[in-house]
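FYI, the numbering for the sequence shown is 278 to 345, going by our numbering.
Every residue gets a Cβ at the ideal spot worked out from N, C-alpha and C, and that includes glycine.
Just so it is clear, the structure is predicted and the values come from calculations on it, not from any experiment.
In what follows, a structure is listed as structure tokens, so that the remarks can point back to it.
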Amino acid sequence: MFVTRGENWATPLPHVLAPGALPARFLIRADELRRGEREQRIPYTQMRPYVGLADGTVSHADRSMPLT
278 MFVTRGENWA
288 TPLPHVLAPG
298 ALPARFLIRA
308 DELRRGEREQ
318 RIPYTQMRPY
328 VGLADGTVSH
338 ADRSMPLT
């Protein structure tokens, strides 16, 4: 599952990360995660956020965020 069109209250996509710039916030709605969990049968606790950069680097989170 991936985000190609962000929420209007998140950092717009595409986005350029720059040193010293404000942090980027890439968000996905909790109901979308729950739908993915239900339809794909992947437990939320096994989902891990990641960001793919233009140079091919992929940065993975070390854990999921709580859905409470």
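{"Query": "Start-to-end residues for the alpha helix (DSSP H) that takes in residue 313", "Result": "307–317"}
{"Query": "Beta bridge counterpart(s) of residue 292 as assigned by DSSP", "Result": "Bridge partners of residue 292: none, in fact."}
{"Query": "Cα-Cα separation between residue 338 and residue 325, rounded to whole angstroms", "Result": "6 Å"}
{"Query": "Of the residues 320, 322, 304, 308, the one placed nearest residue 328, counting alpha carbons only", "Result": "304"}
{"Query": "Inter-residue spacing [alpha-carbon to alpha-carbon] between residue 321 and residue 335", "Result": "20 Å"}
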